[in-house]
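Enquirer:
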Amino acid sequence: MDSTSISTSKTLLPPPQTPPPQPPHPSIPLNLGHRRHLLTALSLSITTPFSLLTSHLPILPPPARARGLFQMPPFKLNNRYFLVRAGESEYESLGVINTNPVAKTSVDNGLSEKGKRQTIKAALELKEMGACEGSCWIWPSITQRAYQSAEIIASLNKVDRSRIVPEYSFLDARGLGAYEGRALETVSEVYASDGVSPTLKPPPTSDGTPNESVDDVFVRVTQLMSITETQYSEETVIIVSPDSDNLSVLQAGLVGLDFRRHRDLSFSPGEVRLVDVKSIPAYKKPTTNVYKCLNPPNCR
């Protein structure tokens with residue numbers, strides 16, 4: 001046998017070569033110490049309480065708790081309220097009805113000299129009652145005489161102007177429609193209609209003056225109370241209205257008085273009144289619409 005062929009048959013194949021190890025990625029060195037440090041950091045990020053991870057974030061106030069829809073009479077009031085009618089206006093001093101909201105910021109809708117004295121008296125009365133001891137919020141209509149009254153109240157009670165919150169629509173003077181521009185004494189005809197039904201409106205007019213019923217005014221002042229009762233808690237709020245009807249209807253709603261008698265609660269110019277929580281009737285749970293049979297099976 002050929003020795004060459006024999007030696008070839010006995011030659012073993014070389015073992016398969018493994019690929020050479022790849023160098024570690026330059027951004028992630030493979031030393032044991034670094035790997036242990038990386039794993040420790042990852043475990044901390046997973047197990048660290050959320051409060052510690054977010055400790056650098058600004059602390060936000062807790063969300064306000066929903067208080068539900070404001071109803072009249074209310075179950076309770078979250079704030080203390082003072083109701084103030086603004087002092088006499090220039091129009092009122094002339095004996096003229098002016099309720100068109102277009103003119104509510106005009107100079108002629110500002111306080112007369114008598115109205116300024118009435119408002120100073122009201123501001124001092126609020127001071128004697130301790131209305132703004134500690135702090136208070138003043139909510140006037142932007143009607144000129146009401147906002148001027150708010151500024152006088154703030155000045156004499158040392159309240160910063162930043163705590164005057166102008167109300168742009170919910171405290172507008174009640175729109176008297178076709179009575180606009182007539183003698184102030186004729187408003188008695190409107191109140192006579194109010195005594196019949198709170199849904200009756202003054203006659204309309206074409207000059208843009210609203211003709212509002214008592215119910216219309218009630219909707220506005222309820223919306224106002226819904227805002228203040230949601231926005232504040234355990235605060236003092238002074239509501240300054242340009243007329244009496246906003247305040248008399250509001251107080252009638254708070255105490256549960258028949259709206260046809262809201263005139264019994266009328267405010268004179270510059271009058272101040274504290275909303276007495278004791279005058280608010282006890283809350284009564286609304287009756288259910290579900291019929292209950294008291295003597296089954298005889299249900300009639």
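In full-length UniProt numbering, the protein residues as written are 1 to 300.
Heads up, the beta-carbon is just placed ideally off N, CA and C, and yes, glycines get one too.
May I have the straight-line CA-CA distance separating P204 from E92, to the nearest angstrom?
Expert: 21 Å
Enquirer: Would you mind listing the alpha helix (DSSP H) stretches within the region 108–179 that are 4+ residues and don't spill past its ends, in chain order?
Expert: 113–128 and 144–156
Enquirer: Tell me, to the nearest whole angstrom, how far the beta carbon of L224 is from that of L171; I am working on the premise that it is less than 8 Å.
Expert: 7 Å
Enquirer: On the CB-based measure, 16 or more other CB atoms within 10 Å of its CB, does Y179 come out buried or exposed?
Expert: buried
Enquirer: Note down the Cα distance separating R182 from I97, rounded to an integer number of angstroms.
Expert: 6 Å
Enquirer: What does F82 pair with, by DSSP beta-bridge criteria?
Expert: I238 and L274
Enquirer: How would you call L69, buried or exposed, if buried means at least 16 neighbouring beta carbons within 10 angstroms?
Expert: exposed
Enquirer: Restricting to runs no shorter than 3 residues, where is the beta strand (DSSP E) found entirely within the region 200–248?
Expert: Whole beta strand (DSSP E) segments, 3+ residues: 236–241.
Enquirer: Given a threshold of 16 other Cβ atoms within 10 Å of its Cβ, counted over all protein chains shown, does D194 qualify as buried or as exposed?
Expert: buried
Enquirer: Quick check: the Cα distance between E133 and V196, rounded to an integer number of angstroms?
Expert: 42 Å
Enquirer: Can you check DSSP and say which residues form a bridge with S89?
Expert: L111
Enquirer: From F75 to G130, what does the alpha carbon distance come to, in whole angstroms?
Expert: 25 Å
Enquirer: Look up A282 in the DSSP assignment and say whether it is helix, strand or coil.
Expert: coil
Enquirer: What first and last residue would you give for the alpha helix (DSSP H) that runs through E189?
Expert: Secondary structure note for E189: its alpha helix (DSSP H) is the uninterrupted segment V187 to D194.
Enquirer: Report buried or exposed for E234, applying the criterion of at least 16 other Cβ atoms within 10 angstroms of its Cβ.
Expert: exposed
Enquirer: So what does V96 bridge to, in DSSP terms?
Expert: Here V96 is bridged, per DSSP, to A183.
Enquirer: Quick check on DSSP: helix, strand or coil for P74?
Expert: coil
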